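Position one of the sequence shown corresponds to residue 1 (full-length UniProt numbering), numbered consecutively onward.
All C-beta atoms in this analysis are idealised placements derived from N, C-alpha and C, irrespective of residue type, glycine included.
Note that the structure is a prediction, hence the values are computed from the model and not measured.
Notes for the one structure printed next.
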Amino acid sequence: MKIIEVQDQIEGGKVAFDLFKEKLQEGAQTIGLATGSSPLEFYKQIRESDLDLSNLISVNLDEYVGLTGDDPQSYRYFMEKNLFDAKPFKESYLPIGVEETAEQEVARYNQILEEHPVDLQILGVGRNGHIGFNEPGTSFDSQTHLVQLDASTIEANSRFFDKIEDVPTKAISMGIANILAAKSIVLFAYGESKAQAIKGTVEGEKTEEVPASALQGHPDVTIIADKEALSLLSR
Ligand code: GLP
């Protein structure tokens with residue numbers, strides 16, 4: 001794994017943006033996108049650039065179950081506001097989070113991922129080491145699936161909702177195997193609350209208890225992080 005220490009999220013966004021442009025020049029056609037606060041500066045860089053993404057495909061990692069796409073808390077809404085409205089892609093895929101049709105949706109999404117192999121996958125990391133919504137204990141062989149969110153994830157994500165009861169308890173997420181299939185991966189981590197997860201990701205045992213530790217087996221992972229997130233690493 002390559003680790004790039006940055007001053008802050010602004011610098012991290014710029015570093016990722018340069019890498020993204022490099023991948024586009026090399027012919028990348030599909031980019032895997034993530035929600036959360038960590039990739040925000042990266043999206044800002046793209047929005048403010050003169051890049052034309054209208055020939056590119058995007059696939060998002062995950063979506064809550066039970067929120068419609070126009071709900072401000074949905075990941076579709078997040079992506080529209082932070083990226084797609086300003087920079088439309090040729091096609092942008094996100095899972096559709098409806099519990100009753102989850103089974104068909106999982107199959108549809110895996111099919112989409114098969115048709116559009118990801119060249120560059122953007123990731124954040126949860127405090128418990130989750131990637132996408134793959135909570136601790138998820139099989140490294142997993143494909144897109146319906147997820148029951150951990151109490152700690154619900155609590156962490158409640159900061160975006162009026163009250164904790166409003167946070168969905170389920171989601172549809174790409175699996176770890178889908179994520180590992182990406183040619184290149186960039187993972188952002190900022191702040192002390194991510195330090196334990198980063199330690200587990202980089203130097204911990206490769207274990208399903210720390211989903212991001214699956215990245216240890218991937219040939220092209222770049223971690224972009226600040227000092228605080230890297231603070232527990234021994235090197
Ligand atoms: C959510 C998302 C993840 C994201 C994580 C970290 O649970 N499903 O994809 O990486 O939160 O979010 P943040 O970047 O806001 O810390």
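Since A212 and Y190 should fall inside the 8 Å C-beta cutoff, what is the C-beta to C-beta distance between them, to a whole number of angstroms? Their Cβ separation, rounded to whole angstroms, is 15 Å, which puts A212 and Y190 out of contact at 8 Å.
Bridge partners for Y64 per DSSP, in chain order? A171
Within the region 76 to 150, note down every full alpha helix (DSSP H) run reaching 4 residues or more, in order along the chain. 102 to 115
Provide the residue span of the beta strand (DSSP E) that contains G69, from first to last. Taken as a continuous stretch (DSSP letters only), G69 belongs to no beta strand (DSSP E), as it is neither H nor E.
Please name the residue, chosen from G36, A214 and Y64, that lies closest to E99 on a Cα-to-Cα basis. Y64
Run the CB neighbour count on D62, radius 10 Å, all protein chains shown included, and call it buried at 16 or more, exposed below. Counting the other Cβ atoms within 10 Å of the Cβ of D62 gives 16 or more, which makes it buried.
Using the C-alpha atoms, what's the distance from K163 back to E5? 35 Å
CB of I172 within 8 Å of CB of T153, strictly: no
Less than 8 Å between the beta carbons of L56 and F89, yes or no? yes
S58 burial status per 10 Å Cβ neighbour count (16 or more: buried): Only buried fits S58, as 16 or more other CB atoms lie within 10 angstroms of its CB.
Out of E11, A181 and L19, state which residue places its alpha-carbon closest to the alpha-carbon of F140. With distances taken between CA atoms, F140 lies nearest to A181 out of E11, A181 and L19.
How far does the alpha helix (DSSP H) with V221 in it extend, from its first residue to its last? Segment V221 to A225 is the beta strand (DSSP E) holding V221; no alpha helix (DSSP H) there.
Among the residues of its own chain, which have a CB less than 8 Å from the CB of L232, if the five just before and after it don't count? A195, Q196, I198 and K199
Inspect the beta-carbon positions of S54 and D119 and report whether they are closer than 8 Å. no
Reduced DSSP secondary structure (H/G/I, E/B, other) of E22: Helix at E22.
Give the straight-line distance between the Cα atoms of A86 and R47, rounded to the nearest whole angstrom. The straight-line gap separating the alpha-carbon atoms of A86 and R47 is approximately 6 Å.
Tell me which same chain residues have a C-beta within less than 7 Å of the C-beta of T207, skipping the five on either side of it? S213
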